[in-house]
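For the sequence shown, the residue numbers in the numbering used here are 2 to 215.
Data first, discussion second: the structure below is written as structure tokens.
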Amino acid sequence: MHVQRRLRRRPRSPAGCAADDAVRRTTTDGRALPPRVGSRRALLQAGAALGALAAAGALGACATAPDPTTAPDEASHPLLGLTDFDGRALATLPPLGAGRLVLVDFWASWCAPCRQGFRHLDQLYRTWLSRGLQMVAVSVDDDPTAARRFAAAARPRFPLAWDPDAAVRERFGVVNLPTTMLFDGDGSLIARHVGFDLGDHRALEEHVRRLLGS
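Pasting the structure below:
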């Protein structure tokens, strides 16, 4: 079951949104993270393809509905449009393609797999921040109050942002939650993880370790 297009309400009982149903999904085989994608445009095209698969029921995790009227663009800064939970524009955002490794995570307060993933993302951030890892976790909640409560309970150290009109989510072709993407210094997608699985988080850390050094 999908929620409304702009997440105006929580789904009643979407597959993959209970902790017991938090099954990892990838676009390749049963374990591997997706291979490197050569350009940001390729990322967005891949995201659109993932959205189509999810709409057909091929992917699990917490489902959101894609916006078929939104054509992916190649904006110079695809994270523009994010705000804090009070709706204020963020002073700084991790730029893609500026020579830094950037991890972007999309989540929601009602998504049980997102809660599981936050703990591991926070550990990853604390371990690799001093080596150059940048991160932003983007809430797609319609209600920022719920996102605040989630953040207060989780207490992550990495920066949090809000996508109030779903523009950034749609730009990246995000359909299921959590969706975690890792970009190299050129702004190319090197890993895309949908759903939560401890093995995939370990694989994600291996990507970071390889790029930033042991």
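Beta carbons are placed, not taken as given, at the ideal position from N, Cα and C, and that holds for glycine.
Item                                                                                                            : Value
Contact belief for Ala-148 with Ser-110 at Cβ below 8 Å, rounded distance in angstroms                          : 5 Å
Those runs of the beta strand (DSSP E) which lie wholly inside the stretch 107-170 and span at least 3 residues : 134-140, 161-163
Three CB pairs or more closer than 8 Å across the stretch 131-142 and the stretch 87-100                        : yes
Straight-line Cα distance separating Leu-81 from Leu-161                                                        : 14 Å
Backbone secondary structure at Val-209 - three-state DSSP                                                      : helix
Pro-165 vs Pro-145 beta-carbon contact at 9 Å                                                                   : yes
Reference Arg-108, options Gly-186, Leu-102, Gly-196, Gly-200, closest by Cα                                    : Note that residue 108 is Trp in the sequence shown, not Arg. Looking at the Cα atoms, Gly-196 is the closest of the given residues.
Closest Cα partner of Thr-128 within the set Arg-172, Phe-159, Thr-180, Gly-100                                 : Phe-159
Cβ pair Phe-173, Val-103 closer than 9 Å                                                                        : no
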